[in-house]
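Residue numbers (the working numbering), protein chains in the order written: chain A, 18 to 240; chain B, 375 to 1018.
Glycine is no exception: its CB is placed at the ideal position from the N, C-alpha and C atoms.
None of the values given here were measured: they were computed from a predicted structure.
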Amino acid sequence: MTRPSQAHPPATSSSSVVIIVDDDAGIRASLDSLFRSVGLETRLFGSPAELLGGTLPDGPGCIVLDVRLPGVSGLDLQGQLTRQGINYPIVFMTGHGDIPMSVRAMKAGAVDFLSKPFRDQDMLDAVTTALERNAQHRAEAAAKEDIRAQYETLTAREREVMGHVTAGLMNKQVAGLIGLSEITVKIHRGNVMRKMGAKSLADLVRKAEALGLSQTRRTTDQT
Amino acid sequence: MMRTKLATMTTPDRAAHSSTSRAGLRFWSAVLALAVFLVDVLTPLEGAIAVLYVVAILLAARTNRRNDIVVAACGCAMLTIAAYLLSHDLHHIASPALRAVVSLAAIAITTLLALQNHAATNRLTAQARLLNLSHDMIFVRDHAGVISFWNKTAEQTYGWPAEDALGRSADELLQTTYSDRRETIERVLLEAGRWEGRVEQRTKAGATLTVDARWALQHDHLGKPVGVLETHTDVTDRVAAHSALVQSEQRYRRMFNASRIGVVEEDWTDVRATLGALDTGGADLRDHLARHPDVVRSARRLARIIDVNPAMQRMAGADGASAFIANVDKLLSENDRSFVGALLAFTEGEPFYEGETEIVRLDGRKVPVLFTISFPADPDGDRNVLAFVIDITERRQAQDALLAAQADLAHAARVATLGEISASIAHEVNQPLAAIVTSGEAGLRWLRRDVPDLREVATTMGHVVAQGRRASEIVARIRSFLKKAPPQQDELQIDEIIEEATALVAREFAKDDVALAMEMEPGLPPIRGDRIQLQQVLVNLLINAAQAMSSQSGSRLVTLRTGTVDGESLAITVQDSGPGISPNDLPRLFDPFFTTKHGGMGMGLAICRTTAEAHGGQLSAESIPGSGATFRLTLPFSKHHASP
Chain A
18 MTRPSQAHPP ATSSSSVVII VDDDAGIRAS LDSLFRSVGL ETRLFGSPAE
68 LLGGTLPDGP GCIVLDVRLP GVSGLDLQGQ LTRQGINYPI VFMTGHGDIP
118 MSVRAMKAGA VDFLSKPFRD QDMLDAVTTA LERNAQHRAE AAAKEDIRAQ
168 YETLTARERE VMGHVTAGLM NKQVAGLIGL SEITVKIHRG NVMRKMGAKS
218 LADLVRKAEA LGLSQTRRTT DQT
Chain B
375 MMRTKLATMT TPDRAAHSST SRAGLRFWSA VLALAVFLVD VLTPLEGAIA
425 VLYVVAILLA ARTNRRNDIV VAACGCAMLT IAAYLLSHDL HHIASPALRA
475 VVSLAAIAIT TLLALQNHAA TNRLTAQARL LNLSHDMIFV RDHAGVISFW
525 NKTAEQTYGW PAEDALGRSA DELLQTTYSD RRETIERVLL EAGRWEGRVE
575 QRTKAGATLT VDARWALQHD HLGKPVGVLE THTDVTDRVA AHSALVQSEQ
625 RYRRMFNASR IGVVEEDWTD VRATLGALDT GGADLRDHLA RHPDVVRSAR
675 RLARIIDVNP AMQRMAGADG ASAFIANVDK LLSENDRSFV GALLAFTEGE
725 PFYEGETEIV RLDGRKVPVL FTISFPADPD GDRNVLAFVI DITERRQAQD
775 ALLAAQADLA HAARVATLGE ISASIAHEVN QPLAAIVTSG EAGLRWLRRD
825 VPDLREVATT MGHVVAQGRR ASEIVARIRS FLKKAPPQQD ELQIDEIIEE
875 ATALVAREFA KDDVALAMEM EPGLPPIRGD RIQLQQVLVN LLINAAQAMS
925 SQSGSRLVTL RTGTVDGESL AITVQDSGPG ISPNDLPRLF DPFFTTKHGG
975 MGMGLAICRT TAEAHGGQLS AESIPGSGAT FRLTLPFSKH HASP
């Protein structure tokens, strides 16, 4: 179903894919043409089942989805995708302005909720937003992955030291807590800063938070 | 002379009496002859004693037997001669001989007279016997009316035996009443010698007889009237039968004239002759007539109209029967189809034929009628074919009004039905519009590129056109479903109707996540009826089926099947996998205003059933609670296509 984009400059990213899910072939074809006209790649699916059974691209993208679809409703699909770890932002379409449903969709993280027929610019804006959000999300995920990789290089002692340091303890306190000399703690701390690529303590704290280590500090406090 | 003779011969017991006394007469005749002989021989009396033999002969003649007379005559003659010979020997020839001769002459003359009398008596007896054999009452009376002869039929019919009637006055005895004055009748009788007329008489038992009387005057040898021979024929029964016939005729005539049913008297003699001479080439008459409408047409002209009653005249807008004295052709409309059936019934010897057709009034207007033609079975019946005709204009109008009311109601129900699924319909229309808008905008974007991509533009234009058509089809489908039109009678393929009905509800089914399975038998014959009304029935059944499952989780399936029943009807079943219908609701399901839906009008299924029945079909429901409901619609196949 993938159509290669035309040789025109893409609005956002050259590898962005818009996944269109609608049971109406006419709607699918018109959206396909619209997105391709702005240089976006598209993938078309007639039902949620097709989407879940198909292979999705690895690259950046978003989903444009009719909220009332045979089999599974758009909202249920949203939940299922989330459970499968697929985090494409979703732009919902509806045939009839269904306010309660749009509220639920937005709460569940939908980018936008458009009533058919919609203005093309509204749809493109929504998709652009969705793709940007996806790009941001992907960048954050990539950064987090880098930090985790750096964290993986730490020794057990270094991780322990990092936990206490980012919890705001002084070197002396850390040395006291883990029964090492202050100098040894300093050496570990230096290694941590280097391995984690942290320019400052504040930078290290941010990375520790990104790794979800803040809880460690709380447990430490309690002990 | 004749009167007395006849009078003595009237009764059988009298004849029997004479036969019993016959032996006595013979005996006394012989005794007398012997006595005369003895006197003649033994006494010295001179003179023609032998003349007394005449008395013996007359006695014998009383027996009324020719032989007795002859025997007596011969015996007397021989005794006379014997007496002469014994008394006088042969030498006394002079006066005794003369006396003997005179005696013999007397005997001979008497015998001759007796024999003549006997012959006359026999003739009269025969005549009297003939009169007795007559079935008419015959009696003879003199000019004063006194009865002197009374035959056997008179005894039997009037009740008086001859001995009671004889000597009585005829008019008094029979209490005869005349239609004319008695004197006038008597004068006519005297002048013409005879009179005929009808009178009423009483019997002994008191019954009144109507009698045809024929009287003839009897004359003696001088031409003087001596009596009247009255011959009376009892016509009471005949008169009663005739008057009953006249009454019956009048009664039927009154019915013919006063009836509100039109009656046409027709003569089909020529029709039978023509159909009998028809060469069908071995084919069945029905087929032959179907292929040769000209034969039917000419037969219409051969069925002659003899008379029509006033009701028929009014029905046809005519002033009198004379306007009709033509043939049936004039009366029937051009596109009449009933006459063929009547012809077939006529040739097959059916006693009657019923049908429906239109007759043409004299002013050219057509009148819908029901008719029965009766074909009398007797050989002369062809001349007496009766058609009874009822004007059903008012009934037709009432029927049309009813159909119109039903159509209005059905229309209202269709509007309500679409109202129920209006959200789906809005969506249905909105989809192609959204596709058009988006395709159009995409096309503009392809066009406004630095280098416009005309191939893509063309593709989007194609989409716009296709989706525009689709939208207009949807609108047309809904419009036709909502159209308010009189019911049609078209040949319909059920597959097409099902396709249209399922298209109307497809979105509703998708919305409620109901799957529709179709199991269609291919190649079903067409049915006859109104496309929209049948579509409505199916739409109703499908929506009901979908709604029945709206509150259940799990699979929602509606199965639509088509098939045949006995090769004569189409069967469509719509089955759902819902909770089924409660046994309490099932019998009331098709009642008007019965509904289990919140806010439902309760007319849907009632109208569906009315529609099915108006199409000659049926609509029924069955349900096993917990395993869904099945609605079954049967519709007869169109007769023109029914398999033979």
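- If you draw a 10 Å sphere on the C-beta of B:R819, you find 16 or more other C-beta atoms in it, and that means buried.
- Shown here, A:T172 sits in coil according to DSSP, grouped into three states, outside any helix or strand.
- Around the CB of B:V620, fewer than 16 other CB atoms lie within 10 Å, so the residue is classed as exposed.
- Taking the Cα of B:A673 as reference, the smallest distance to any Cα among B:D661, B:F720 and B:G636 is reached at B:F720.
- About 5 Å separates the CB atoms of B:Q575 and B:L583; that is less than 8 Å, so the two are in contact.
- Secondary structure at B:S522: strand, using DSSP grouped into helix, strand and coil.
- Membership of B:P742 in the beta strand (DSSP E) is indicated by the continuous run K740 to S748.
- Chain A places no beta carbon closer than 7 Å to that of B:E874, leaving this residue out of the contacts.
- For the pair B:E604 and B:P750, the Cα-to-Cα distance works out to about 45 Å.
- For the pair B:E815 and A:D137, the CB atoms are nearer than the 7 Å cut-off.
- The alpha-carbon of B:L498 is positioned some 23 Å away from that of B:G519.
- CA-CA distance, A:D142 to A:N151, rounds to 14 Å.
- Note that the stretch 630-638 of chain B does not touch the stretch 659-669 of chain B; fewer than 3 beta-carbon pairs, one per stretch, sit closer than 8 Å.
- Of all residues in the stretch 783-814 of chain B, the ones placed with a Cβ closer than 7 Å to any Cβ belonging to chain A are A797, A800, H801, N804, Q805, P806, L807, A808, A809, V811, T812 and S813, in chain order.
- Residue A:T183 holds the alpha-carbon nearest to the alpha-carbon of A:D220 among A:I103, A:V38 and A:T183.
- A direct Cα-Cα distance of roughly 25 Å separates B:E546 from B:A614.
- Residue pairing by DSSP places B:N701 opposite B:R678 in a beta bridge.
- Contact between B:N525 and B:A435 does not hold, since their C-beta atoms are separated by about 26 Å, which reaches or exceeds 8 Å.
- B:A816 belongs to the set of residues whose beta carbon lies under 7 Å from a beta carbon in chain A.
- Beta-bridge pairing by DSSP links B:Q575 to B:L583.
- With a threshold of 16 other beta carbon atoms within 10 Å, B:T531 meets it and is buried.
- Here the C-alpha atom of A:V191 lies approximately 21 Å from the C-alpha atom of A:E169.
- Between the alpha carbons of A:N104 and A:E162 lies a gap of roughly 16 Å.
- The beta-carbon separation of B:F855 and B:L915, rounded to 15 Å, does not stay under the 8 Å limit for a contact.
- Boundaries of the alpha helix (DSSP H) around A:G207: E199 to K212.
- Apart from sequence neighbours up to five positions away, the residues of its chain that approach B:A590 with a beta-carbon distance below 6 Å are R568 and L603, ordered along the chain.
- Judged by their CB atoms, A:A147 and A:V108 are nearer to each other than the 7 Å cut-off.
- When rounded, the separation of the alpha-carbon atoms in B:F713 and B:G991 is 28 Å.
- Closer than 7 Å to the CB of B:R770 there is not a single CB belonging to chain A.
- For B:D586, the closest C-alpha among the options B:L706, B:E724, B:E570 and B:K598 is that of B:E570.
- Excluding the 5 residues flanking it on each side, B:A579 has same chain C-beta neighbours closer than 8 Å at G533, in chain order.
- Residues of chain A whose Cβ lies closer than 7 Å to the Cβ of B:Q841 are, in chain order, G43.
- Note that the C-beta distance between B:V913 and B:L944 is not below 7 Å.
- Neighbours of B:T833 in chain A, taken as residues whose beta carbon is under 7 Å from its own, are S50 in chain order.
- Between the C-alpha atoms of A:L218 and A:I164 there is a straight-line separation of about 15 Å.
- For the set B:R473, B:L406, B:D414 and B:L459, the Cα lying nearest the Cα of B:A447 is the one of B:L406.
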